[in-house]
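Asks: Chains as they are written, first to last, in the numbering used here: chain U, 10 to 246; chain Z, 10 to 246.
Think of the CB as a built atom: it goes at the ideal place given N, C-alpha and C, for glycine as much as any other residue.
Next up is a structure, given as structure tokens.
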């Protein structure tokens with residue numbers, strides 16, 4: 010399992026430096042910066058706070074938008090301090106860091122973890138582009154974690170458990186293309202039966218959550234796919 | 010289970026601020042500062058980086074030395090980036106954060122976690138004053154975590170698991186006094202049979218590790234205590 014950190018419009022050099030150090034602490038493959046909001050002074054701070062990992066600063070990959078930054082990855086987790094287990098905001102439904110590691114093992118080798126702006130986090134649209142949302146349970150006293158602490162906790166959970174997970178699932182990987190096809194068929198079907206655009210989109214997000222969290226194996230997803238494709242064909246007649 | 014963070018000679022205001030914020034994120038009871046090495050400017054930085062938790066800065070408890078800072082606590086964990094599972098440096102033997110939570114539940118309500126200087130960590134003498142050492146497994150690329158990231162990971166592990174642990178063990182708490190008495194008897198015995206002071210002290214540290222990690226219940230520790238006390242009485246004749 011290889012980890013990719015994606016930072017969307019990061020605003021602080023200290024944070025970037027500390028995350029760069031964490032990348033070495035926990036064997037992260039690559040740091041990708043989407044449209045960073047940093048001055049030259051902030052990059053200098055990044056170098057100081059990266060400490061012995063400052064060499065990695067030369068290896069950042071810069072990308073124009075989130076789509077480009079995640080297109081080659083097998084599974085992509087958004088992160089947010091606003092998340093829920095219930096309610097109709099399906100893009101806000103979350104998995105814990107521990108659950109995320111377990112799930113990642115089923116979907117392939119390249120795992121992306123996306124962090125948003127320090128001030129406002131990820132937009133709901135950006136979360137929707139990712140496969141699942143990670144939320145770190147915290148006290149009611151103060152819900153929001155500093156971005157580097159959220160990264161430390163998530164990366165640690167992946168670090169201590171990913172080898173076990175990888176060896177456990179290596180022969181049972183789910184082809185993510187099958188999941189995406191199931192989602193497309195479902196969307197086609199939803200198109201036929203639901204008029205309200207917002208409600209339709211919601212149903213697609215809900216189905217996505219269920220599919221990913223359900224960690225279907227090859228046979229399971231193939232059967233579901235067959236049902237959905239047959240239904241889609243009938244409705245398209 | 011109530012958590013107490015003890016910071017020994019902390020050197021950086023940003024770190025102090027970030028740890029103060031973490032204390033609210035993960036329901037820490039109190040932050041204790043042993044001989045902090047901070048200028049007024051550094052305290053100002055602490056206030057900025059504590060963010061919405063800056064009110065806690067007024068609630069720090071200042072203490073002269075580590076002994077005073079831990080004397081009222083039921084179990085105290087040191088932290089270090091230098092640790093081992095093997096070898097004869099028994100004060101360097103570690104438990105992981107997950108193991109620490111499991112153990113803490115057995116020894117009482119007030120749990121201390123001690124962090125050392127950012128530059129040099131805790132001394133081996135300071136580690137020896139604590140009951141057990143926590144070490145966070147990290148990559149060979151870069152072993153040492155930033156102090157606030159170590160705190161985030163440990164506090165998170167306690168936060169998500171301490172309620173389960175507390176309810177699991179609430180009726181089976183080990184009286185720490187019994188453990189300390191067993192240690193004292195063991196030391197008395199070691200005194201009688203081992204001449205080399207360093208070697209003797211080593212054996213006491215090793216026995217301490219085993220006792221704490223072994224999480225004996227009331228009956229078990231009582232029996233061990235009885236054996237040791239009888240032996241000690243014989244040798245003292």
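Considering Cα atoms alone, identify which of 127(Z), 35(Z), 28(Z) and 29(Z) is closest to residue 166(Z).
Replies: Translated into positions along the second chain, residue 166(Z) becomes position 157. Of the listed residues, the one whose Cα sits closest to residue 166(Z) is 35(Z).
Asks: By the criterion of Cβ-Cβ separation under 7 Å, what are the contact partners of residue 237(U) in chain Z?
Replies: Position 228 of the first chain, counting from 1, holds the residue named residue 237(U). Under the 7 Å cutoff, chain Z gives no residues; its nearest Cβ is about 37 Å from residue 237(U).
Asks: What residue from 146(Z), 77(Z) and 53(Z) has the CA that sits closest to residue 92(Z)'s CA?
Replies: As a first step, residue 92(Z) must be located in the second chain, where it is residue number 83. Out of 146(Z), 77(Z) and 53(Z), 146(Z) has the C-alpha closest to the C-alpha of residue 92(Z).
Asks: Are the C-beta atoms of residue 206(Z) and some chain U residue less than 7 Å apart?
Replies: For the purposes of this step, residue 206(Z) is taken as residue 197 along the second chain, with counting starting at 1. Output row for residue 206(Z): interface = no.
Asks: With 7 Å as the threshold, decide whether the Cβ of residue 74(Z) is near any Cβ in chain U.
Replies: On the second chain, residue 74(Z) is found 65 positions in, with the first residue counted as 1. Taking Cβ atoms only, chain U never reaches closer than 7 Å to residue 74(Z), which makes this a no.
Asks: Which one of 244(U), 191(U) and 245(U) has the shortest CA to CA distance from residue 227(U)?
Replies: Reading the first chain from its first residue, position 218 is the one you call residue 227(U). Per the C-alpha coordinates, the member of 244(U), 191(U) and 245(U) positioned closest to residue 227(U) is 191(U).
Asks: If we ignore side chains and look at the alpha-carbon of each, how far apart do residue 68(U) and residue 138(U) end up?
Replies: On the first chain, position 59 is the one that residue 68(U) refers to. On the first chain, position 129 is the one that residue 138(U) refers to. Each residue's alpha carbon lies about 25 Å from the other.
Asks: Taking the C-alpha atoms as reference points, what is the distance between residue 216(Z) and residue 188(Z)?
Replies: For the purposes of this step, residue 216(Z) is taken as the residue at position 207 of the second chain. For the purposes of this step, residue 188(Z) is taken as the residue at position 179 of the second chain. Pairing residue 216(Z) with residue 188(Z), the inter-Cα distance amounts to about 10 Å.
Asks: Which of the three DSSP states, helix, strand or coil, is assigned to residue 87(U)?
Replies: By 1-based counting over the first chain, the position of residue 87(U) is 78. Here residue 87(U) sits in strand by DSSP.
Asks: Which bits of chain Z does residue 161(U) rub up against, with CB to CB less than 7 Å?
Replies: Along the first chain, read from residue 1 onward, the residue named residue 161(U) stands at position 152. Residues of chain Z passing the Cβ test: 158, 161 and 162.
Asks: For residue 203(U), report the span of its alpha helix (DSSP H) as first-last.
Replies: By 1-based counting over the first chain, the position of residue 203(U) is 194. Premise fails: residue 203(U) is in no alpha helix (DSSP H) and is neither H nor E.
Asks: What is the residue span of the alpha helix (DSSP H) that residue 52(Z) lies within?
Replies: Working through the second chain from its first residue, we reach residue 52(Z) at position 43. Per DSSP, residue 52(Z) belongs to the alpha helix (DSSP H) from 49 to 59.
Asks: If you reduce the DSSP assignment to three classes, tell me which class residue 122(U) lands in.
Replies: Along the first chain, read from residue 1 onward, the residue named residue 122(U) stands at position 113. Looking at residue 122(U) - three-state DSSP - the assignment turns out to be strand.
Asks: Helix, strand or coil: how does DSSP classify residue 82(U) here?
Replies: As a first step, residue 82(U) is located in the first chain; it is residue number 73 there, counting from the start. DSSP places residue 82(U) in coil when its eight states are reduced to three.
Asks: Which one of 185(U), 114(U) and 161(U) has the shortest CA to CA distance from residue 80(U)?
Replies: For the purposes of this step, residue 80(U) is identified with residue 71 of the first chain, where counting begins at 1. Out of 185(U), 114(U) and 161(U), the CA that lies nearest to the CA of residue 80(U) is found in 185(U).
Asks: Strictly below 7 Å CB to CB, what residues from chain Z border residue 61(U)?
Replies: Locating residue 61(U) in the first chain gives position 52, where the first residue counts as 1. Neighbours of residue 61(U) on chain Z, chain order: 151.
Asks: Is residue 224(Z) helix, strand or coil when you go by DSSP?
Replies: By one-based count along the second chain, residue 224(Z) stands at place 215. Correct three-state label for residue 224(Z): coil.
Asks: Tell whether a beta-carbon distance below 7 Å holds between residue 22(Z) and residue 55(Z).
Replies: What you label residue 22(Z) is simply residue 13 of the second chain in a count that begins at 1. What you label residue 55(Z) is simply residue 46 of the second chain in a count that begins at 1. With contacts defined by Cβ atoms closer than 7 Å, residue 22(Z) and residue 55(Z) form a contacting pair.
Asks: Quick one: which chain Z residues come within Cβ less than 8 Å of residue 141(U)?
Replies: In the first chain, residue 141(U) corresponds to position 132, counting from 1. Result: empty, since nearest Cβ-Cβ is about 19 Å, beyond 8 Å.
Asks: Along the stretch 19 to 30 of chain Z, where does the CB come closer than 9 Å to a CB of chain U? Name the residues.
Replies: 23, 27 and 30
Asks: Give me whichever residues DSSP pairs with residue 193(Z) in a beta bridge.
Replies: Residue mapping note: residue 193(Z) aligns to position 184 of the second chain, counting from 1. DSSP lists no partner for residue 193(Z).
Asks: Any beta carbon of chain Z sitting closer than 7 Å to that of residue 147(U)?
Replies: Indexing the first chain from 1 puts residue 147(U) at position 138. Judged by the 7 Å Cβ criterion, residue 147(U) is in contact with chain Z.
Asks: Under 7 Å, Cβ to Cβ, is there at least one residue of chain Z near residue 54(U)?
Replies: Here the question's residue 54(U) lines up with position 45 in the first chain. Cβ-Cβ to chain Z under 7 Å: no for residue 54(U).
Asks: With a cut-off of 8 Å, do at least 3 Cβ pairs link the stretch 151 to 159 of chain Z to the stretch 108 to 116 of chain Z?
Replies: No: the two stretches stay apart, fewer than three of their Cβ pairs being nearer than 8 Å.
Asks: Counting pairs of Cβ atoms below 8 Å between the stretch 123 to 131 of chain U and the stretch 202 to 209 of chain U, do you hit three or more?
Replies: no
Asks: Is there at least one Cβ from chain Z nearer than 7 Å to residue 255(U)'s Cβ?
Replies: Outside the displayed range of chain U (10 to 246) lies residue 255(U), so it cannot be described from this structure.
Asks: So which of 183(Z), 103(Z), 238(Z) and 37(Z) has the shortest CA-CA distance to residue 13(Z)?
Replies: For the purposes of this step, residue 13(Z) is identified with residue 4 of the second chain, where counting begins at 1. Cα-wise, what sits closest to residue 13(Z) is 37(Z).
Asks: Whose CA, out of 84(Z), 25(Z) and 88(Z), lies closest to the CA of residue 120(Z)?
Replies: Here residue 120(Z) corresponds to residue number 111 of the second chain, with the count starting at 1. It is 84(Z) whose Cα lies nearest to the Cα of residue 120(Z).
Asks: Tell me which same chain residues have a C-beta within less than 7 Å of the C-beta of residue 162(U), skipping the five on either side of it?
Replies: Residue mapping note: residue 162(U) aligns to position 153 of the first chain, counting from 1. Hits under 7 Å: 106 and 145.
Asks: Within its chain, find whatever has a CB closer than 6 Å to the CB of residue 141(U); leave out the 5 residues flanking it on each side and keep chain order.
Replies: For the purposes of this step, residue 141(U) is taken as the residue at position 132 of the first chain. Cβ within range, chain order: 86, 104 and 221.
Asks: Do the CB positions of residue 41(Z) and residue 11(Z) come within less than 7 Å of each other?
Replies: Counting from one through the second chain, the residue named residue 41(Z) turns up at place 32. Counting from one through the second chain, the residue named residue 11(Z) turns up at place 2. No.
Asks: Would you report the Cα separation of residue 172(U) and residue 28(U), rounded to the nearest angstrom?
Replies: Walking along the first chain from the start, residue 172(U) turns up at place 163. Walking along the first chain from the start, residue 28(U) turns up at place 19. Cα to Cα, the separation comes out at about 22 Å.
Asks: Comparing alpha-carbon positions, which option in 148(Z), 72(Z) and 213(Z) lies nearest residue 39(Z)?
Replies: Against the second chain, residue 39(Z) aligns to sequence position 30. Measuring from the Cα of residue 39(Z), the nearest candidate turns out to be 72(Z).
Asks: Quick check on this structure: which residue in 219(Z), 193(Z) and 88(Z) has the alpha carbon closest to the alpha carbon of residue 235(Z)?
Replies: Sequence index remark: in the second chain, residue 235(Z) carries index 226 (1-based). The shortest C-alpha separation from residue 235(Z) is found at 193(Z).
Asks: Who are the near neighbours of residue 196(Z) in its chain, counting only those whose CB is closer than 7 Å to its CB and skipping five residues on each side?
Replies: The residue labelled residue 196(Z) in the question sits at position 187 within the second chain. Excluding positions up to five away in sequence, the list reads 213.
Asks: Please name the residue in 66(Z), 65(Z) and 143(Z) whose C-alpha comes closest to that of residue 90(Z).
Replies: In the second chain, residue 90(Z) corresponds to position 81, counting from 1. Taking only the C-alpha atoms, the option nearest residue 90(Z) is 143(Z).
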